[in-house]
Amino acid sequence: MDGSMVRNVVFIFMVTLLSATAVSASRGTVPGVPDLPKRSRSIGYAFDGRLENGVLLRETPFVRYTPEYARLGGHFYGTWELVQLIHRAAYRVAQRVPGARLSVGELSKERGGRIAGHHSHQSGRDVDLAFYMTDASGRPYDPWAFAEFDRNGIGRPPNQMLRFDDRRNWELVQRLITDGDARVQYIFVSNALKTRLLNEGMRRGASPTVMRRARTVLMQPSHGHPHGNHFHVRIYCSPANRPRCQDRAPFHPWYPGTPPLLATQ
Numbered sequence: 034m035d036g037s038m039v040r041n042v043v044f045i046f047m048v049t050l051l052s053a054t055a056v057s058a059s060r061g062t063v064p065g066v067p068d069l070p071k072r073s074r075s076i077g078y079a080f081d082g083r084l085e086n087g088v089l090l091r092e093t094p095f096v097r098y099t100p101e102y103a104r105l106g107g108h109f110y111g112t113w114e115l116v117q118l119i120h121r122a123a124y125r126v127a128q129r130v131p132g133a134r135l136s137v138g139e140l141s142k143e144r145g146g147r148i149a150g151h152h153s154h155q156s157g158r159d160v161d162l163a164f165y166m167t168d169a170s171g172r173p174y175d176p177w178a179f180a181e182f183d184r185n186g187i188g189r190p191p192n193q194m195l196r197f198d199d200r201r202n203w204e205l206v207q208r209l210i211t212d213g214d215a216r217v218q219y220i221f222v223s224n225a226l227k228t229r230l231l232n233e234g235m236r237r238g239a240s241p242t243v244m245r246r247a248r249t250v251l252m253q254p255s256h257g258h259p260h261g262n263h264f265h266v267r268i269y270c271s272p273a274n275r276p277r278c279q280d281r282a283p284f285h286p287w288y289p290g291t292p293p294l295l296a297t298q
């Protein structure tokens, strides 16, 4: 086989591999992540519920446990939908902006229920995600713990040398809110960082639809922690888990199925 034929064979192989990878990701799976059966069940509310057949979020080249939680035997179980969403989003961020891993805080216990330090996280539909961040020279930084950032994207003491990674964090938000399988209800984050993220989205030319959804989903909680050091993501119940899985308002236009309040009218 001459050199030109070898090059053609290699080219065809790479095109086939990339196409298969793209199809795999679009179907809800990620290369290297097992496509587990959808046997998990979220029961009750996010703040008063439990989890059946919880799926363990495993570390991959794109996802890592935040050591602060892992060293204490952190809780990394969620519904199939949430775990796959995390893997898909982290993988797609790495595709667009290579060089960093998504650092994950806690999800839920294997069987759900109360977790110290959390009001919700009880039924497998909540996850805390560390921000993507860099050092002062712009190199991706894997944090040991969550780091808080001010409105200028500069780390608060003792993390003054860290910077909020606008591009990767916006890419993460965009991937989360446009996912076709898991529907995100909330991404809690401080108002100052929400502004940074929306500005980054506009700089990146995000569509009006994506920007409207981001403005809706990104929010600082009216009570409690302002979330200046991590994202708190919550997804709606899977239609397959309802009515035992229960959502509360707001029911955004992308809510999967008929909102409970409307179903009773």
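Residue numbers (our numbering): 34 to 298. By construction, the Cβ of each residue, glycine as well, lies at the ideal position given by its N, Cα and C atoms.
Query - Rounded C-alpha distance that separates R229 from D199 - result: As a first step, residue 229 is located in the sequence shown; it is residue number 196 there, counting from the start. As a first step, residue 199 is located in the sequence shown; it is residue number 166 there, counting from the start. Rounded to whole angstroms, R229 to D199 spans 7 Å at the Cα level.
**Report entry** Supposed contact pair E101 and A178 - C-beta distance, whole angstroms, cut 8 Å
**Finding:** Residue mapping note: residue 178 aligns to position 145 of the sequence shown, counting from 1. Residue mapping note: residue 101 aligns to position 68 of the sequence shown, counting from 1. Confirmed, about 4 Å.
Query raised in the report: Of all the options N202, F221, L205, V137, which has the alpha carbon lying nearest to the alpha carbon of H265?
Result: For the purposes of this step, residue 265 is taken as residue 232 along the sequence shown, with counting starting at 1. Closest by alpha carbon: F221.
Query raised in the report: Between the Cα of A79 and the Cα atoms of L135, I148, Q193, A122, which residue gives the shortest distance?
Result: Here residue 79 refers to the residue found at position 46 when the sequence shown is read from its first residue. Ranking the options by Cα distance to A79, first place goes to I148.
Query raised in the report: Would you call the CB atoms of T112 and R144 closer than 8 Å?
Result: Residue mapping note: residue 112 aligns to position 79 of the sequence shown, counting from 1. Residue mapping note: residue 144 aligns to position 111 of the sequence shown, counting from 1. Contact flag unset, no.
Report task. My understanding is that A133 touches N262, with C-beta atoms under 8 Å, so please give their C-beta distance in whole angstroms. Result -> Taking the sequence shown and counting its residues from 1, the one referred to as residue 133 is at position 100. Taking the sequence shown and counting its residues from 1, the one referred to as residue 262 is at position 229. No, A133 and N262 are not in contact; Cβ-Cβ is about 17 Å, not under 8 Å.
Report task. Identify every residue that forms a DSSP beta bridge with S141. Result -> Here residue 141 corresponds to residue number 108 of the sequence shown, with the count starting at 1. Note: S141 sits in a beta bridge opposite Y110.
Report task. Run the CB neighbour count on R236, radius 10 Å, all protein chains shown included, and call it buried at 16 or more, exposed below. Result -> In the sequence shown, the residue the question calls residue 236 occupies position 203. R236 comes out exposed.
Query raised in the report: Any idea which residues DSSP pairs T167 with across the strands?
Result: As a first step, residue 167 is located in the sequence shown; it is residue number 134 there, counting from the start. P173, R196.
Requested in this report: For I187, name the three-state secondary structure that DSSP assigns.
Outcome: Reading the sequence shown from its first residue, position 154 is the one you call residue 187. DSSP places I187 in strand when its eight states are reduced to three.
Query raised in the report: Excluding sequence positions up to five away, which residues of its chain have a Cβ less than 7 Å from the Cβ of V250?
Result: The residue labelled residue 250 in the question sits at position 217 within the sequence shown. Excluding positions up to five away in sequence, the list reads I210, V217, Y219, I220.
**Report entry** Backbone secondary structure at R60 - three-state DSSP
**Finding:** In the sequence shown, counting from the first residue as 1, residue 60 sits at position 27. Any reading at R60 is ruled out, since the residue's pLDDT is 46, under 50, leaving its predicted position unreliable.
Query raised in the report: In angstroms, rounded to a whole number, what distance separates the CA positions of L89 and R129?
Result: The sequence position of residue 89 within the sequence shown is 56, counting from 1. The sequence position of residue 129 within the sequence shown is 96, counting from 1. Cα to Cα, L89 sits roughly 26 Å from R129.
Report task. Would you kindly work out how many angstroms separate the C-alpha atoms of R121 and S271, rounded to a whole number? Result -> For this step, residue 121 is matched to residue 88 along the sequence shown. For this step, residue 271 is matched to residue 238 along the sequence shown. Each residue's Cα considered, the two are about 17 Å apart.
Report task. Determine whether the Cβ of Y124 lies closer than 8 Å to any Cβ atom of chain B. Result -> This model lacks chain B altogether, as it is built from one protein chain only.
Query raised in the report: Would S141 pass as a contact of G65 if the rule is Cβ separation under 8 Å?
Result: Against the sequence shown, residue 141 aligns to sequence position 108. Against the sequence shown, residue 65 aligns to sequence position 32. Taking 8 Å as the Cβ cut-off, S141 and G65 do not qualify as a contacting pair.
**Report entry** Host alpha helix (DSSP H) of R236 (start-end)
**Finding:** One-based indexing of the sequence shown puts residue 236 at position 203. 224-236 is the extent of the alpha helix (DSSP H) around R236.
Report task. Measure the C-alpha to C-alpha separation of Y110 and V96 and round it to an integer number of angstroms. Result -> Within the sequence shown, the letter at position 77 stands for residue 110. Within the sequence shown, the letter at position 63 stands for residue 96. Distance between the alpha carbons of Y110 and V96: 14 Å.
Requested in this report: Note the first and the last residue of the continuous alpha helix (DSSP H) segment covering Y269.
Outcome: In the sequence shown, residue 269 corresponds to position 236, counting from 1. Premise fails: Y269 is in no alpha helix (DSSP H) and is neither H nor E.
**Report entry** The alpha helix (DSSP H) enclosing Y102, as first and last residue numbers
**Finding:** Along the sequence shown, one-based indexing puts residue 102 at 69. Unbroken alpha helix (DSSP H) run through Y102: 100-103.
Report task. Using 10 angstroms around the beta-carbon of A55, count the other beta-carbons present and answer buried if the total reaches 16, otherwise exposed. Result -> Stepping through the sequence shown from its first residue, residue 55 is reached at position 22. With a pLDDT of 39 at A55, under the threshold of 50, the predicted position of this residue should be treated as unreliable, and no value is reported.
Query raised in the report: Closest by CA to L105, which one among A239, G138, A127, P289?
Result: Counting from one through the sequence shown, the residue named residue 105 turns up at place 72. Ranking the options by Cα distance to L105, first place goes to G138.
Query raised in the report: Whose C-beta lies closer than 7 Å to the C-beta of E92 among residues of the same chain, with five residues either side of it excluded?
Result: Counting from one through the sequence shown, the residue named residue 92 turns up at place 59. Closer than 7 Å at the Cβ level, and outside the excluded window around E92, lie Y98.
**Report entry** Proximal residues to G171 (C-beta, below 8 Å), its chain only, five neighbours per side dropped
**Finding:** Mapped onto the sequence shown, residue 171 falls at position 138. Closer than 8 Å at the Cβ level, and outside the excluded window around G171, lie R196.
Requested in this report: Please list, in chain order, all residues of the same chain as G257 whose beta carbon is under 8 Å from its beta carbon, the five residues on each side excluded.
Outcome: Within the sequence shown, the letter at position 224 stands for residue 257. Closer than 8 Å at the Cβ level, and outside the excluded window around G257, lie H152.
Requested in this report: Look at the alpha carbon of T167 and the alpha carbon of P94, and state the distance between them as a whole number of angstroms.
Outcome: In the sequence shown, the residue the question calls residue 167 occupies position 134. In the sequence shown, the residue the question calls residue 94 occupies position 61. Distance between the alpha carbons of T167 and P94 is about 18 Å.
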